[in-house]
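Peer 1: Quick note: the sequence shown uses this note's numbering, first residue 66, plus one each step.
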Amino acid sequence: MLGSALRSLGAVGLPRERLDVTRPQDWESALAHTRPDAVIHCAALTQVDACAVDPRAWSLNVESAAWIAARVETWLVSTNYVFDGPGPHAPQDPREPAMAYGVQKAAAEDAVLAAGGHVVRTGWLYGPGGRNFPSRLPELLLRGPVQALEGWPVQPTWAPDLAEHLLTLPKGVSHAIGAEQTTWADFARAVCPRLGVPVSRVVGVDAIRGMGPRPADARLSGQLLPGFSRRLDDWVLGE
């Protein structure tokens, strides 16, 4: 999702068939082919619960970032899940990752910064081509009722807005996230009228079966990107 948004703005992106980020030989070939002055590293295993059990997770989320940052100036796309609570969290705040994904991304941050690279933390992305929950909401709501979390603060972030910000190559450690706070249940309710479906299709719940722990409050302060209410028409209606 984010890689596609960056490519639409002119960045060079290689498909997985040509660049498996866990294979140094693929990186070597990619660097020889593209000869980049900078790399925006947005490849990761972002299925949060899978990161605790998938044997590839450390290689995907940590070692790949360390490898490329040691060879070319790198901007790592990191996550608000390196924090727990209470938020909103500033870039300089101490990290407190509460689960494997956050631990892995914190380790990747350390490796990239040690190599002279940069970190941009974000969270709760949605947008064209995304297969995560918020990106799939239109198709899910058109099918029928959808369970969505109440009471957990989120800042939905439109992937194309983040891509534009990343191309400014902000130095050091910074945050870039959607300006508006909501919950996934209220976000889903805001989508309903744009689809012509009743808001009653959104079933607010306190927990989702099979979903592991999440940070209590992972909101970020810093660079605030346009809020979701400014992007829903572009996304849902294609306007």
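For every residue, glycine included, the Cβ atom is placed at its ideal position computed from N, Cα and C.
The ligand HEM and Gly188: does the residue's C-beta get closer than 7 Å to at least one heavy atom of that ligand?
Peer 2: With respect to the ligand HEM, the structure shown offers nothing to examine, as it has no ligands at all.
Peer 1: Cβ of Pro162 within 8 Å of Cβ of Tyr146?
Peer 2: Mapped onto the sequence shown, residue 162 falls at position 97. Mapped onto the sequence shown, residue 146 falls at position 81. Yes, Cβ-Cβ distance for Pro162 and Tyr146 is below 8 Å.
Peer 1: Thr222: which of Gly216, His230, Glu215 sits nearest, CA to CA?
Peer 2: Position 157 of the sequence shown, counting from 1, holds the residue named residue 222. If we check each option's Cα against that of Thr222, His230 comes out closest.
Peer 1: Quick one: give me the first and last residue of the alpha helix (DSSP H) that Ile105 is part of.
Peer 2: As a first step, residue 105 is located in the sequence shown; it is residue number 40 there, counting from the start. Taken as a continuous stretch (DSSP letters only), Ile105 belongs to no alpha helix (DSSP H), being part of the beta strand (DSSP E) at 104-106.
Peer 1: Would you mind reading off the limits of the alpha helix (DSSP H) that contains Ser73?
Peer 2: If you number the sequence shown from 1, residue 73 lands on position 8. Ser73 -> alpha helix (DSSP H) spans 67-73.
Peer 1: When you compare each of Pro199, Phe148, Gly150 to Leu297 by their alpha carbons, which one comes out closest?
Peer 2: If you number the sequence shown from 1, residue 297 lands on position 232. Of Pro199, Phe148, Gly150, the residue nearest in Cα terms is Pro199.
Peer 1: For Lys170, count neighbouring C-beta atoms within 10 Å of its own C-beta (all shown protein chains included) and say buried if the count is 16 or more, exposed if not.
Peer 2: In the sequence shown, counting from the first residue as 1, residue 170 sits at position 105. Lys170 comes out buried.
Peer 1: If you draw a straight line from the C-alpha of Pro151 to the C-alpha of Arg279, how long is it?
Peer 2: The sequence position of residue 151 within the sequence shown is 86, counting from 1. The sequence position of residue 279 within the sequence shown is 214, counting from 1. Spanning the two alpha carbons is a distance of roughly 13 Å.
Peer 1: Taking only the alpha-carbon atoms, compute the straight-line gap between Gly78 and Asp299 and give it to the nearest angstrom.
Peer 2: As a working mapping, residue 78 is identified with position 13 in the sequence shown. As a working mapping, residue 299 is identified with position 234 in the sequence shown. If you take the alpha carbons of Gly78 and Asp299, they lie about 24 Å apart.
Peer 1: Tell me whether Gly167 sits in a helix, a strand or coil according to DSSP, three-state version.
Peer 2: Position 102 of the sequence shown, counting from 1, holds the residue named residue 167. Residue state, collapsed to three classes: helix.
Peer 1: To the nearest angstrom, how far is the alpha carbon of Gly181 from that of Ala134?
Peer 2: To locate residue 181, count along the sequence shown from 1; it is residue 116. To locate residue 134, count along the sequence shown from 1; it is residue 69. Between Gly181 and Ala134, the C-alpha separation is close to 8 Å.
Peer 1: Which residues bound the alpha helix (DSSP H) around Leu202?
Peer 2: Taking the first residue of the sequence shown as 1, we reach residue 202 at position 137. It spans 198-208 - the alpha helix (DSSP H) in which Leu202 sits, taken as one unbroken run.
Peer 1: May I have the straight-line CA-CA distance separating Val301 from Glu204, to the nearest angstrom?
Peer 2: Residue numbering aside, residue 301 sits at position 236 when the sequence shown is read from its first letter. Residue numbering aside, residue 204 sits at position 139 when the sequence shown is read from its first letter. About 10 Å.
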